[in-house]
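As structure tokens, the structure follows; a few thoughts come after it.
Protein chains: 2
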Amino acid sequence: MKLQLHIFSCVFLGFCVFRKISCGNILVWHTEGSHWINLKPVLDTLVDRGHSVTVLAPNMSFFMDTDEPSRYHYEMFNVSLSLTDRNEWLEDYFNFSFYEMDQMNLLQIYIKFYQLLSRDMVFRLAYCDGILQSELVMDRLLKGKYDMIFADPIHLCSDLVAETLDVPLVYTLRYSAAHILEGLCGKVPVPPSYVPGALSKFTDKMTFSERVQNFLFYAVMDVSTVTLWTKYDKYYRRSTTYCEMMGKADLWLIRTYWDFEYPRPLLPNFKYVGGIHCSPAKQLPKDLEDFVQSSGDDGVVVFTLGSMVDKITKEKSNIIAAALGQIPQKVLWRYSGERPDTLAPNTRLCDWLPQNDLLGHAKTKAFITHGGTNGIYEAIYHGVPMVGIPLFGDQSDNMVHMKAKGAAVIMDFNSMQTEDLVEGLKAVINDPSYKENAMRLSRIYHDRPVSPRDEAVFWIEFVMRHKGARHLRAVAYNLTWYQYHSLDVFAFLLATGALALFIAYKIAKFCIIKCCFRSHYKRKND
Amino acid sequence: MKLQLHIFSCVFLGFCVFRKISCGNILVWHTEGSHWINLKPVLDTLVDRGHSVTVLAPNMSFFMDTDEPSRYHYEMFNVSLSLTDRNEWLEDYFNFSFYEMDQMNLLQIYIKFYQLLSRDMVFRLAYCDGILQSELVMDRLLKGKYDMIFADPIHLCSDLVAETLDVPLVYTLRYSAAHILEGLCGKVPVPPSYVPGALSKFTDKMTFSERVQNFLFYAVMDVSTVTLWTKYDKYYRRSTTYCEMMGKADLWLIRTYWDFEYPRPLLPNFKYVGGIHCSPAKQLPKDLEDFVQSSGDDGVVVFTLGSMVDKITKEKSNIIAAALGQIPQKVLWRYSGERPDTLAPNTRLCDWLPQNDLLGHAKTKAFITHGGTNGIYEAIYHGVPMVGIPLFGDQSDNMVHMKAKGAAVIMDFNSMQTEDLVEGLKAVINDPSYKENAMRLSRIYHDRPVSPRDEAVFWIEFVMRHKGARHLRAVAYNLTWYQYHSLDVFAFLLATGALALFIAYKIAKFCIIKCCFRSHYKRKND
Numbered sequence: 001m002k003l004q005l006h007i008f009s010c011v012f013l014g015f016c017v018f019r020k021i022s023c024g025n026i027l028v029w030h031t032e033g034s035h036w037i038n039l040k041p042v043l044d045t046l047v048d049r050g051h052s053v054t055v056l057a058p059n060m061s062f063f064m065d066t067d068e069p070s071r072y073h074y075e076m077f078n079v080s081l082s083l084t085d086r087n088e089w090l091e092d093y094f095n096f097s098f099y100e101m102d103q104m105n106l107l108q109i110y111i112k113f114y115q116l117l118s119r120d121m122v123f124r125l126a127y128c129d130g131i132l133q134s135e136l137v138m139d140r141l142l143k144g145k146y147d148m149i150f151a152d153p154i155h156l157c158s159d160l161v162a163e164t165l166d167v168p169l170v171y172t173l174r175y176s177a178a179h180i181l182e183g184l185c186g187k188v189p190v191p192p193s194y195v196p197g198a199l200s201k202f203t204d205k206m207t208f209s210e211r212v213q214n215f216l217f218y219a220v221m222d223v224s225t226v227t228l229w230t231k232y233d234k235y236y237r238r239s240t241t242y243c244e245m246m247g248k249a250d251l252w253l254i255r256t257y258w259d260f261e262y263p264r265p266l267l268p269n270f271k272y273v274g275g276i277h278c279s280p281a282k283q284l285p286k287d288l289e290d291f292v293q294s295s296g297d298d299g300v301v302v303f304t305l306g307s308m309v310d311k312i313t314k315e316k317s318n319i320i321a322a323a324l325g326q327i328p329q330k331v332l333w334r335y336s337g338e339r340p341d342t343l344a345p346n347t348r349l350c351d352w353l354p355q356n357d358l359l360g361h362a363k364t365k366a367f368i369t370h371g372g373t374n375g376i377y378e379a380i381y382h383g384v385p386m387v388g389i390p391l392f393g394d395q396s397d398n399m400v401h402m403k404a405k406g407a408a409v410i411m412d413f414n415s416m417q418t419e420d421l422v423e424g425l426k427a428v429i430n431d432p433s434y435k436e437n438a439m440r441l442s443r444i445y446h447d448r449p450v451s452p453r454d455e456a457v458f459w460i461e462f463v464m465r466h467k468g469a470r471h472l473r474a475v476a477y478n479l480t481w482y483q484y485h486s487l488d489v490f491a492f493l494l495a496t497g498a499l500a501l502f503i504a505y506k507i508a509k510f511c512i513i514k515c516c517f518r519s520h521y522k523r524k525n526d
Numbered sequence: 001m002k003l004q005l006h007i008f009s010c011v012f013l014g015f016c017v018f019r020k021i022s023c024g025n026i027l028v029w030h031t032e033g034s035h036w037i038n039l040k041p042v043l044d045t046l047v048d049r050g051h052s053v054t055v056l057a058p059n060m061s062f063f064m065d066t067d068e069p070s071r072y073h074y075e076m077f078n079v080s081l082s083l084t085d086r087n088e089w090l091e092d093y094f095n096f097s098f099y100e101m102d103q104m105n106l107l108q109i110y111i112k113f114y115q116l117l118s119r120d121m122v123f124r125l126a127y128c129d130g131i132l133q134s135e136l137v138m139d140r141l142l143k144g145k146y147d148m149i150f151a152d153p154i155h156l157c158s159d160l161v162a163e164t165l166d167v168p169l170v171y172t173l174r175y176s177a178a179h180i181l182e183g184l185c186g187k188v189p190v191p192p193s194y195v196p197g198a199l200s201k202f203t204d205k206m207t208f209s210e211r212v213q214n215f216l217f218y219a220v221m222d223v224s225t226v227t228l229w230t231k232y233d234k235y236y237r238r239s240t241t242y243c244e245m246m247g248k249a250d251l252w253l254i255r256t257y258w259d260f261e262y263p264r265p266l267l268p269n270f271k272y273v274g275g276i277h278c279s280p281a282k283q284l285p286k287d288l289e290d291f292v293q294s295s296g297d298d299g300v301v302v303f304t305l306g307s308m309v310d311k312i313t314k315e316k317s318n319i320i321a322a323a324l325g326q327i328p329q330k331v332l333w334r335y336s337g338e339r340p341d342t343l344a345p346n347t348r349l350c351d352w353l354p355q356n357d358l359l360g361h362a363k364t365k366a367f368i369t370h371g372g373t374n375g376i377y378e379a380i381y382h383g384v385p386m387v388g389i390p391l392f393g394d395q396s397d398n399m400v401h402m403k404a405k406g407a408a409v410i411m412d413f414n415s416m417q418t419e420d421l422v423e424g425l426k427a428v429i430n431d432p433s434y435k436e437n438a439m440r441l442s443r444i445y446h447d448r449p450v451s452p453r454d455e456a457v458f459w460i461e462f463v464m465r466h467k468g469a470r471h472l473r474a475v476a477y478n479l480t481w482y483q484y485h486s487l488d489v490f491a492f493l494l495a496t497g498a499l500a501l502f503i504a505y506k507i508a509k510f511c512i513i514k515c516c517f518r519s520h521y522k523r524k525n526d
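Protein sequences, first through last, are from chains A and B.
Following the UniProt record's numbering, the numbering of the first sequence begins with 1 at its first residue and continues without gaps.
Following the UniProt record's numbering, the numbering of the second sequence begins with 1 at its first residue and continues without gaps.
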């Protein structure tokens with residue numbers, strides 16, 4: 001394996017010299033799930049361009065198959081957590097998101113969510129321990145002579161390692177509470193008047209009442225998060241905080257774009273590279289192509305609930321299958337659970353689907369999705385209208401974005417009945433506005449000066465060429481929160497003003513007394 | 001002339017079809033001075049790409065030579081102002097900037113500046129009248145069937161005409177008080193803690209005292225500007241304001257970049273295309289090349305005070321010429337005034353210089369500049385360190401930027417003595433840090449995903465293709481200032497909180513009285 005890699009490196013180096021580009025040595029921080037799926041095409045492009053890519057991978061991972069032959073080198077580390085513990089947490093989280101949440105009041109939801117996040121933080125820090133507390137791993141990283149670290153900041157401690165290795169750090173971020181990670185740590189201004197809080201399900205166009213709620217939502221989320229982060233701050237231990245360390249990243253590659261986001265302020269070191277993983281559709285395998293073609297003019301509907309959710313309850317699957325049976329389209333449903341009793345002949349269940357190739361097929365009329373960013377971006381890329389059945393995390397918010405842009409309808413997973421889904425499907429398939437809006441988003445996606453993948457690769461290479469991107473970093477990162485918001489200036493001006501008023505008052509009083517006293521004295525003497 | 005243009009249009013149309021791009025019909029708003037010089041290369045590129053470009057030109061212009069053979073069509077309009085009136089104002093303005101300002105206190109400067117701006121506003125509105133009040137011109141513009149208007153917003157009313165013609169509007173802007181035009185009208189967040197007020201001469205790294213001054217500077221400038229703008233608002237007459245109309249522009253092409261600017265927030269419809277006019281150096285004319293080569297290893301210094309200033313006082317020119325005579329380099333000085341008595345043999349005076357080609361010459365060691373953006377960008381492009389002698393407008397601020405980035409020293413035009421200039425020149429030529437920093441800025445300039453001119457052209461074409469760029473426009477433009485800053489929300493929450501406290505107090509009071517009364521009653525009855 002090592003010899004193979006050495007040969008690879010030599011070939012790459014030759015390739016770089018030939019193409020007159022400087023080849024870098026990139027350390028990629030471990031990540032998981034759809035984040036890993038999203039990252040891989042960028043890593044492939046970096047390898048194609050002759051860079052050496054090493055991926056930090058834990059001994060327990062859902063998605064990183066480090067045994068498979070790969071174009072990257074894997075740097076392994078051990079995490080003292082069992083996969084069972086993690087799975088239990090995941091199951092709890094899914095149960096909460098799918099079923100329990102609907103039975104709870106706001107306070108209960110808040111407490112449960114806070115507890116889940118607290119438990120999750122322990123896991124995240126265990127991953128940090130696996131790297132930072134292991135002399136062997138740290139020694140290998142030091143000896144690796146990396147030119148930069150490329151990390152998704154939802155997995156912690158890349159900033160600490162970047163500091164130890166003294167190399168630049170580039171973040172790639174999707175799941176973000178805009179007003180928290182990007183706002184508090186990334187120093188991007190986030191006016192609550194038109195930037196809806198992440199998970200708030202508001203759009204950028206808010207009524208007065210929504211703006212009030214959004215304002216309060218910001219306050220609650222900010223306070224909760226900063227409170228939660230004290231655990232991270234303790235781990236970070238130095239004369240800094242977790243959030244301050246995040247602010248040291250050279251560049252943030254945000255994995256959305258203005259086809260998906262509501263336009264909002266950014267800083268020069270924030271680059272929007274949404275749809276980084278998208279690519280033109282390839283030919284389908286023969287059996288799938290035959291199935292799709294057999295749909296005739298009605299076309300097909302593609303349905304998946306994402307890479308994290310394989311099974312749903314029998315009751316739900318029956319409701320869904322019954323709905324799918326009522327539309328004239330054929331349906332391809334990625335589902336590995338028990339076969340629903342109501343499954344109609346027009347619907348085919350598959351353990352896996354070539355999602356991107358299907359969405360790019362001319363016969364595809366709609367996409368039923370859980371609202372993960374990767375799937376949404378493939379639908380945008382190919383201009384396919386969506387029916388969203390969001391399940392957890394940012395999925396509800398994502399689908400609200402697509403609905404606001406007129407390219408989707410949203411179902412509520414818990415309360416959804418057969419007729420709701422039928423109605424939703426008929427709407428996006430038969431009402432031409434959904435297709436038109438999906439095509440408009442597709443045009444926006446495709447019509448930009450540089451493709452998202454090229455832009456991401458450009459900035460990664462830029463950071464390696466220049467050992468950072470200092471010219472894009474605002475001074476905001478060096479200010480405390482009260483300096484940033486000019487609160488010290490405001491307090492000073494207020495105090496000065498008050499003092500000036502007080503002195504003026506005292507002088508006036510003195511003059512009046514003097515004046516009255518004199519006239520009083522005068523009158524007395526007269 | 002008209003036939004020629006018709007043939008041109010046909011050729012262009014054929015060219016467009018051949019290149020499979022849709023050719024547009026662009027109306028360019030009149031502009032002046034360095035703004036016009038800066039715009040021309042973009043217009044040339046647009047013409048090269050097959051678009052039809054029509055430039056609105058007034059009958060009186062300093063820079064637009066509408067009689068010269070040109071690749072653009074000129075749409076003429078009359079302004080009822082004499083060139084003498086305008087020249088008088090300019091002379092007043094220059095006198096104030098060059099000489100009077102130094103003898104004045106802050107209040108006097110403020111009042112004089114306010115008066116000058118007020119007089120200037122009358123001129124600007126006269127240009128608007130020349131277009132909007134002329135049925136003939138407006139009729140021709142309506143019949144022109146333009147696809148968009150491309151305008152520098154320092155010249156007014158392009159927004160009103162864009163609304164009348166119902167076409168998208170793209171701004172190209174350099175001279176801007178960031179916190180006024182871009183902040184108040186463009187809705188870009190401008191935190192006073194690290195975004196220095198335009199003309200304040202602060203950098204982004206401010207001490208507490210500077211932050212206090214900057215905060216106050218914002219307040220004074222904002223209030224003064226909004227007061228001044230009431231004159232414009234009256235002219236705009238409709239249910240809107242001058243500033244609100246500016247906010248309707250589809251896109252803002254800002255003619256700076258992060259080589260020049262301090263990193264600060266932006267919005268997605270703000271594109272930084274600084275150095276849009278720069279190009280590689282061409283071969284010098286033989287006599288100039290011989291002069292440059294004759295400098296040997298010492299090289300040459302290029303000196304110009306810009307396109308607006310031809311002459312300075314005899315005293316000043318003698319001070320400058322004496323300094324130039326004391327350096328070993330040869331000097332090329334663009335100067336059409338009286339020959340200074342102290343002029344040394346190493347200095348050649350010229351009425352005009354091929355500035356860009358000279359700055360790109362290997363033998364050029366330094367650039368003495370008034371600090372206009374165009375010249376600075378050419379110096380950045382070629383990596384030449386600068387000695388700044390700022391005269392008026394944004395020039396002081398521009399040079400402060402270059403000094404902060406370590407690529408320039410600054411002279412004070414009024415107090416500068418011969419030895420100051422000699423010292424400044426020796427510093428930037430002999431201290432390698434200036435050259436290194438200039439080269440660093442040059443690398444930043446050149447190392448971006450798309451060249452500034454290509455990016456500007458891309459977005460202009462985008463706006464024509466999509467009839468705007470709505471997906472980049474933040475909802476901020478639809479909010480009032482108090483909604484934008486959540487002041488109504490804040491007031492509501494404050495009022496609600498106060499009411500809740502009041503009710504709680506009343507209830508508590510009621511309970512206490514009830515309780516006391518009962519015990520009192522009880523005791524009485526016992």
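For glycine and all other residues, C-beta sits at the position ideal for the given N, C-alpha and C.
query	result
Best match in A:C185, A:Q355 and A:Q213 for proximity to P192 of chain A [C-alpha to C-alpha]	A:Q213
6 Å Cβ shell around K311 of chain A - same chain, five flanking residues per side excluded	G337
Interface flag, I444 of chain A vs chain B, CB-CB below 8 Å	yes
Whole-angstrom distance between T227 of chain B and L90 of chain A, CA atom to CA atom	59 Å
Delimiting residues of the alpha helix (DSSP H) encompassing E210 of chain A	F208 to L228
Closest Cα partner of F392 of chain B within the set B:L267, B:S200 and B:S118	B:S200
Chain B residues whose Cβ lies nearer than 7 Å to that of H277 of chain A	What H277 of chain A touches in chain B: nothing, since even the nearest Cβ is about 19 Å away.
Whole-angstrom C-beta distance between V188 of chain B and L253 of chain B, which should lie under 8 Å	Actually they are not in contact, since the Cβ atoms of L253 of chain B and V188 of chain B sit about 14 Å apart, beyond 8 Å.
Stretch-stretch touch, CB-based, cutoff 8 Å, three pairs: the stretch 24 to 31 of chain A with the stretch 146 to 164 of chain A	yes
Residue nearest to M416 of chain B in terms of C-alpha spacing, selected from B:E315, B:L117 and B:L284	B:E315
Residues bridged to F367 of chain A (per DSSP)	A:V302 and A:M386
Per-residue burial, residue 527 of chain A [other beta carbons within 10 Å of its own, 16 or more giving buried]	For chain A, the structure presents residues 1 to 526; residue 527 of chain A sits outside this window and is missing.
Under 8 Å by beta carbon: chain A residues contacting P263 of chain B	L267, P268, N269, H471, L472, R473, A474 and V475
Chain-ordered chain A contacts of V489 of chain B [CB-CB under 8 Å]	P192, S193, F208, R211, V212 and F215
C350 of chain B, enclosing beta strand (DSSP E) - first and last residue	T347 to C350
Selection from B:I109, B:L81, B:V47 and B:L216 that minimises the alpha carbon distance to T496 of chain A	B:L216
D447 of chain A: contacting residues in chain B (beta-carbon distance under 8 Å)	F462, R465 and H466
Beta-carbon contacts of L181 of chain B that lie in its chain and below 8 Å, excluding the five residues immediately before and after	P153, L173 and M246
Own chain, CB closer than 6 Å to Y235 of chain B, minus 5 neighbours either side, in chain order	L125
Closest by C-alpha distance to A469 of chain A, when choosing among A:F502, A:Y171 and A:F367	A:Y171
DSSP three-state assignment for L266 of chain A, whether helix, strand or coil	strand
Spatially closest choice to P452 of chain B from B:G360, B:I410 and B:G274, by CA coordinates	B:G274
Test item: CB-CB of G371 of chain A and M399 of chain A under 8 Å	yes
Partner residues on chain A for S486 of chain B, Cβ-Cβ distance less than 8 Å	P191, P192, S193, R211 and F215
Limits of the beta strand (DSSP E) - the one that S52 of chain A falls within	S52 to P58
is_contact[E182 of chain A, chain B] using C-beta, thresh 8 Å	no
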